[in-house]
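Residue 110 in our numbering sits at position 109 of the sequence shown, and the numbers go up by one each step. By construction, the Cβ of each residue, glycine as well, lies at the ideal position given by its N, Cα and C atoms. I have placed the structure first, in the form of structure tokens, so that the comments after it can refer back to it.
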Amino acid sequence: MNIAVEIENLLNQNAPDFEISKTLKKAIGEYLANLESIFAQTQGKAFLVHHTRQIDTFLATIYKVVLRKMFLDFQPMRNAVPVALVALGSYGREQLCVHSDIDLMIVYKEVPGYNIKEIIEKILYIAWDAGFHLGHRVHEVSELPEVAKEDITIKTALMESRFIIGSNFVWMQTQRELNAIRREDPKGYVLSKIEEAATRHVKYGITMEPNIKEGVGGIRDANLAFWIATVRYHVPRFRELAGPLIDEEDYAEYRMALEYLFRVRSALHLAAGKKEDTLRFDLIPRVAELMCIEKKDPAKAQRLLVMRTLQAMDRVRKKSAYWVGVLAKPYLYDSSHLRLLKKERIESGIYRCQDTLFARRTLKPKPFLHHLKQLNAEASSIPFLTDASYDHLLDRSEVNRPKNRALLTAIRQIFYQPYSASVVDALHRSGRLPDVIAPMKKVMYLPQFDGYHHYPVDRHSIETLRYLDDLDHPLLQELYAKLDRDTRAMLKLAALLHDAGKGRKRDHHEVGAELFKLFAAKLGFAEELIKEGVLLIRHHTRMTATIHNEDIYDESTVSRFVAPLGSQKILDMLFILTWCDVNAVGEGTYSAFTDRMLKTLYFAATEILEKPAIVDETAKRLRKERALKKLEAFQALPRTLQKKILSIRSNLFFIKHTPAEILDIAVKAREVIDYDMRITPKEDLKIEIWRKVPINLGYLLGKLSHLELVTMEIFKLYDGVKYFVLEFNEKIDLSEIPAIEAIVHDSFDMQKSIKLKKPTLTPKQIAIDCEHSKTYAKMQIRTANQRGLMAYVAHYFDRLGIDIASAVITTRKDRVNDLFLIEKDGRFCEKREEIIEELTKQGD
């Protein structure tokens with residue numbers, strides 16, 4: 002619609018104000034509905050300027066309507082009506098975002114003969130009825146100096162005033178007052194704004210849901226530099242300082258970053274449909290779509306959006322913080338500090354004040370190696386911060402490429418300092434971290450959309466190292482104190498690089514371990530230390546995954562946890578690394594419950610490490626699991642079935658079978674209703690039984706005792722299925738298979754019985770260990786081979802109601818070695834003496 006023509010027609014018809022407001026509201030609605038297409042064509046500052054000027058046009062139309070309404074056919078010259086409409090704040094800077102409040106000031110001169118109050122009220126009422134959300138102020142020109150003294154925010158808004166429409170005479174008088182306001186107490190104003198920014202940074206810190214406006218490195222930080230420039234140099238645009246005071250390249254880099262933030266903020270308002278300055282997770286997909294980032298890969302687009310946003314904010318932070326120091330220098334200077342600065346001078350132009358490193362802004366940088374050694378020296382005694390002046394100096398220093406031995410040695414020395422995180426944080430703040438520690442390059446500003454981590458990977462990694470510097474946990478302090486100097490340094494490097502493998506398609510544990518291995522070798526760490534670091538990074542989430550997802554009171558769980566670690570030293574370091582990693586996730590993540598569970602797992606794992614046989618057995622099982630997972634047939638199974646197979650408790654089941662055999666046995670168990678069997682007559686006879694219902698094992702073995710049993714294995718699988726395999730040193734004809742099948746079928750009749758010959762055993766040939774593990778007791782029989790031995794033992798256990806969890810029966814050179822694992826929750830250990838007596842007494 003042509004709003005000018007529509008309004009003119011309504012005025013000619015002497016239409017009431019609400020009709021004009023209604024028409025304006027419709028035009029504004031049509032404009033706002035078309036904003037997404039306008040954004041697609043312009044974006045950035047150009048979009049904000051376009052939007053600002055469109056709002057100017059609507060407000061100018063309202064102003065003209067009011068004059069026509071008030072003066073009818075006797076229209077005065079515009080300059081003759083002592084009223085002016087003035088834009089304030091972001092509207093005044095031509096940075097008005099889509100759903101931001103429109104800060105409007107109406108200034109006037111009280112002149113007899115004009116009904117100024119009615120004019121102003123009419124402007125506001127029509128604007129409100131048209132749907133404008135105004136943050137408005139109305140002042141007589143002479144009131145402005147006193148108004149500015151009321152609040153620093155009001156003064157700031159007034160300083161950003163821009164004329165929209167009205168009397169040029171009133172605007173000229175307003176400008177004179179505004180210039181006086183800018184000159185009023187500049188020091189007090191600048192110091193207040195710097196303090197305000199510090200408070201804001203605490204409230205809106207670095208997170209993966211950054212506040213684009215108020216956060217660290219947000220648009221407000223850019224505004225701060227401009228406000229101080231306005232007070233000191235009275236410039237209408239910040240770019241006017243580029244060249245004389247600000248490096249042109251620095252300004253270009255800053256401007257590109259700020260332009261990106263303008264784009265993100267505009268898209269954020271459009272995506273939310275309201276004023277919203279926080280890049281919330283739920284809005285990220287739509288914002289990425291509006292900004293046309295990687296249309297073919299939405300997940301990548303969302304990751305890139307947050308990465309680029311965080312990177313842009315970091316650049317704005319770095320540049321604006323340095324410029325604030327330059328521009329505010331006259332207001333920050335205090336001659337009483339000179340004596341203290343001289344006392345705290347590190348070298349010419351470099352000072353330490355309140356545990357913060359400062360650099361004279363005119364100081365030329367020395368080689369990067371010099372500054373790195375300086376940081377290491379400071380980190381040897383105190384934790385410290387760096388001021389933007391020092392960050393700027395570090396940013397301008399040259400890093401040798403490729404890195405020479407002296408530089409690599411200095412980099413390695415970072416991790417030998419008590420406060421390594423202070424050095425790494427200084428490198429990060431200056432932008433040199435990826436140049437110095439190459440494995441960090443791919444994870445700079447990388448978001449973590451897991452609903453768990455509060456920070457991007459780079460910041461989380463530095464915080465992990467910081468927690469290791471300040472290890473506030475009595476038990477872990479003791480463990481850390483036992484480590485030698487080189488091991489501590491390796492552990493610190495591992496803490497920094499533990500998540501360096503994120504952002505790739507492959508598992509970040511494996512990628513991170515590879516990156517650590519290469520970088521640690523380049524730094525000259527010993528091969529044994531590198532192996533330990535690789536192990537730590539490969540398993541750095543193992544403790545937390547175990548306490549949250551498994552039964553840590555189950556010995557098999559603890560064995561599986563500790564087996565890949567292999568030593569007490571690695572376990573100790575993993576506990577330390579886990580504590581640092583979880584604390585670095587975010588405030589309050591490491592709870593008393595987490596601490597209790599981790600300590601429970603740690604002490605249980607320590608006990609298991611004292612039983613090397615169990616650790617070795619579990620390690621063999623885990624290697625077999627890895628081989629199984631590589632089979633295409635296993636990968637094709639449903640995830641639920643994969644988990645069931647991997648949850649089979651018996652280590653021996655995995656150790657004794659090939660991956661293909663494991664898969665065959667476990668998949669067949671899925672089909673079992675009551676029981677199933679498979680008889681293989683080739684070579685020696687082999688009988689396999691899968692059963693859910695009870696089996697009369699004594700009867701089965703008794704009926705088959707005419708055959709020489711050389712191996713019997715019993716394993717619990719899943720869903721209540723047990724797997725039995727009997728191997729005989731006998732060959733049979735195919736014609737005998739039906740008879741054997743009939744015996745197996747009869748074995749599921751629990752009423753069947755058979756008279757068995759009692760074996761000849763002595764107490765020395767039977768060993769019972771009720772402390773084998775927390776879950777199982779072990780019984781071992783070593784004696785001469787006797788047909789029917791296993792049948793008699795199984796029959797006797799059936800009578801006592803003792804459940805054999807696992808059994809391995811082997812015969813070699815006429816000697817048997819029968820091993821039984823029996824669950825402790827039965828009556829086995831209670832009847833230990835009775836069992837030995839029964840098996841060894843002679844006669845019936």
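(request) With distances taken Cα to Cα, identify the nearest neighbour of Phe263 among Phe517, Asp396 and Glu95. (result) Residue mapping note: residue 263 aligns to position 262 of the sequence shown, counting from 1. Minimum Cα distance to Phe263 is reached at Glu95.
(request) Locate the alpha helix (DSSP H) running through Phe821, then write down its first and last residues. (result) Along the sequence shown, one-based indexing puts residue 821 at 820. Looking at the DSSP string, Phe821 is not in any alpha helix (DSSP H); the run it does join, the beta strand (DSSP E), is Arg816 to Glu824.
(message) Suppose the cutoff is 8 Å on Cβ atoms and the five residues either side in sequence are ignored; what does the same chain contact list for Ile121 look like?
(response) Start at 1 with the first residue of the sequence shown, and residue 121 comes out as number 120. For Ile121, where only same-chain residues beyond five positions count, the Cβ hits under 8 Å are Val84, Ile107, Tyr109 and Val139.
(request) Take every Cβ of the stretch 24-44, pair it with every Cβ of the stretch 127-135, and state whether three or more of those distances are shorter than 8 Å. (result) yes
(request) Report all residues from its chain with a CB closer than 7 Å to the CB of Arg361; omit the five preceding and five following residues, and keep chain order. (result) Along the sequence shown, one-based indexing puts residue 361 at 360. Closer than 7 Å at Cβ, skipping near neighbours: Gly350.
(message) Can you tell me which residues form a DSSP beta bridge with Met491?
(response) On the sequence shown, residue 491 is found 490 positions in, with the first residue counted as 1. Answer by DSSP bridge pairing: none, since Met491 is not bridged.
(request) Reducing DSSP to helix, strand and coil, say where Arg163 ends up. (result) Locating residue 163 in the sequence shown gives position 162, where the first residue counts as 1. Note: Arg163 maps to strand in three-state DSSP.
(request) Could you please give me the residues that DSSP links to Arg138 through a beta bridge? (result) Counting from one through the sequence shown, the residue named residue 138 turns up at place 137. Arg138 is bridged to Met106.
(message) Taking the alpha carbon of Asn786 as the reference point, which residue from Leu291, Lys367, Tyr420 and Asp819 has its own alpha carbon closest?
(response) Counted from its first residue, the sequence shown places residue 786 at position 785. Comparing Cα-Cα distances from Asn786 to each of Leu291, Lys367, Tyr420 and Asp819, the minimum goes to Asp819.
(request) Please name the residue in Leu33, Ile4, Ile412 and Gly206 whose C-alpha comes closest to that of Glu20. (result) As a position in the sequence shown, residue 20 is number 19, starting the count at 1. Nearest option by C-alpha distance: Ile4.
(request) State the start and end residues of the unbroken alpha helix (DSSP H) segment that holds Met445. (result) Position 444 of the sequence shown, counted from the start, is the residue given in the question as residue 445. Element bounds for Met445: n/a, residue is neither H nor E.
(request) Would you kindly check if the distance between the Cβ of Phe59 and the Cβ of Ser267 is under 8 Å? (result) Taking the sequence shown and counting its residues from 1, the one referred to as residue 267 is at position 266. Taking the sequence shown and counting its residues from 1, the one referred to as residue 59 is at position 58. Not a contact, by the Cβ cut-off of 8 Å.
(message) Assuming Gln781 is part of the beta strand (DSSP E), what are its boundary residues?
(response) In the sequence shown, the residue the question calls residue 781 occupies position 780. Per DSSP, Gln781 belongs to the beta strand (DSSP E) from Tyr777 to Ala785.
(message) Looking at the secondary structure, which residues open and close the beta strand (DSSP E) in which Leu86 lies?
(response) On the sequence shown, residue 86 is found 85 positions in, with the first residue counted as 1. Per DSSP, Leu86 belongs to the beta strand (DSSP E) from Val84 to Ala88.
(message) Just to confirm the assignment, what range does the alpha helix (DSSP H) spanning Asp470 have?
(response) Working through the sequence shown from its first residue, we reach residue 470 at position 469. It spans Val458 to Asp470 - the alpha helix (DSSP H) in which Asp470 sits, taken as one unbroken run.
(request) Just confirm the distance between the C-beta atoms of Leu68 and Val82, as a whole number of angstroms; I'd bet it's less than 8 Å. (result) The residue labelled residue 68 in the question sits at position 67 within the sequence shown. The residue labelled residue 82 in the question sits at position 81 within the sequence shown. Correct: roughly 7 Å between the Cβ atoms.
(message) Quick check: the Cα distance between Pro639 and Ala670, rounded to an integer number of angstroms?
(response) The residue you call residue 639 lines up with position 638 of the sequence shown. The residue you call residue 670 lines up with position 669 of the sequence shown. Going from the Cα of Pro639 to the Cα of Ala670 covers about 14 Å.
(message) Here's the rule I'm using: 16 or more other beta-carbon atoms within 10 Å means buried, otherwise exposed. How should Gln843 be labelled?
(response) Start at 1 with the first residue of the sequence shown, and residue 843 comes out as number 842. Classification of Gln843: exposed, given that the 10 Å Cβ count is below 16.
(request) State the DSSP-derived secondary structure class of Asn80, mapped to helix, strand or coil. (result) Indexing the sequence shown from 1 puts residue 80 at position 79. Helix, per DSSP.
(message) Let me check one thing: in DSSP terms, what residues is Ile351 bridge-paired to?
(response) Numbered from 1 along the sequence shown, position 350 holds the residue referred to as residue 351. Answer by DSSP bridge pairing, in chain order: Glu348 and Ala360.
(message) Can you tell me where the beta strand (DSSP E) holding Phe725 begins and where it ends?
(response) The residue given as residue 725 occupies position 724 in the sequence shown. Counting along the chain, the beta strand (DSSP E) containing Phe725 begins and ends at Lys723 to Phe729.
(request) Identify the continuous beta strand (DSSP E) that holds Asp770 and give its terminal residues. (result) Reading the sequence shown from its first residue, position 769 is the one you call residue 770. Taken as a continuous stretch (DSSP letters only), the beta strand (DSSP E) holding Asp770 covers Ile767 to Asp770.
(request) Report yes if the CB atom of Leu370 is closer than 8 Å to the CB atom of Leu408, and no otherwise. (result) Counting from one through the sequence shown, the residue named residue 370 turns up at place 369. Counting from one through the sequence shown, the residue named residue 408 turns up at place 407. For Leu370 and Leu408, yes; Cβs fall inside 8 Å.
(request) Kindly indicate the opening and closing residues of the beta strand (DSSP E) around Ile690. (result) Taking the sequence shown and counting its residues from 1, one reaches residue 690 at position 689. Here the beta strand (DSSP E) through Ile690 covers Lys687 to Arg692.
(request) Tell me Asn212's beta-bridge partners as DSSP assigns them. (result) Start at 1 with the first residue of the sequence shown, and residue 212 comes out as number 211. Note: Asn212 sits in a beta bridge opposite Thr279.
(message) Considering only their Cβ atoms, is the gap separating Tyr719 from Ile649 smaller than 8 Å?
(response) Locating residue 649 in the sequence shown gives position 648, counting from the first residue. Locating residue 719 in the sequence shown gives position 718, counting from the first residue. Taking 8 Å as the Cβ cut-off, Ile649 and Tyr719 qualify as a contacting pair.
(request) Over the uninterrupted beta strand (DSSP E) stretch that includes Arg597, give me the two end residues. (result) Here residue 597 is taken as the residue at index 596 of the sequence shown, counted from 1. No beta strand (DSSP E) contains Arg597, which is instead part of the alpha helix (DSSP H) from Ala593 to Leu610.
(message) I'd like to confirm something about Phe19: is its beta-carbon nearer than 7 Å to some heavy atom of the ligand SAM, or not?
(response) This structure lacks the ligand SAM, and indeed carries no ligand of any kind.
(message) How far does the alpha helix (DSSP H) with Ala616 in it extend, from its first residue to its last?
(response) Position 615 of the sequence shown holds residue 616. One point to set straight first is that residue 616 is Val, not Ala, in the sequence displayed. First-last of the alpha helix (DSSP H) with Val616: Pro613 to Lys631.
(request) Give me the Cα-Cα distance between Thr547 and Arg486, rounded to the nearest whole angstrom. (result) Position 546 of the sequence shown holds residue 547. Position 485 of the sequence shown holds residue 486. Approximately 30 Å, taken between the alpha carbons.
(message) Please classify Thr761 as buried or exposed, where buried requires at least 16 other C-beta atoms within 10 Å of its C-beta.
(response) Residue mapping note: residue 761 aligns to position 760 of the sequence shown, counting from 1. Label assigned to Thr761: exposed.
(message) Which residue wins for smallest C-alpha separation from Leu840, given the options Arg788, Tyr793, Ala199 and Lys518?
(response) As a first step, residue 840 must be located in the sequence shown, where it is residue number 839. Per the Cα distances, Tyr793.
(message) Going by C-alpha to C-alpha distance, which of Lys503, Lys687 and Glu178 sits closest to Leu705?
(response) Residue 705 sits at position 704 when you count from the first residue of the sequence shown. Of the listed residues, the one whose Cα sits closest to Leu705 is Lys687.
(message) Using 8 Å as the threshold, is the C-beta distance between Leu701 and Ser748 below it?
(response) To locate residue 701, count along the sequence shown from 1; it is residue 700. To locate residue 748, count along the sequence shown from 1; it is residue 747. It is a contact, given that the beta carbons lie within the stated cut-off.
(message) Between which two residues does the beta strand (DSSP E) holding Thr24 run?
(response) If you number the sequence shown from 1, residue 24 lands on position 23. Taken as a continuous stretch (DSSP letters only), Thr24 belongs to no beta strand (DSSP E), being part of the alpha helix (DSSP H) at Asp18 to Ala34.
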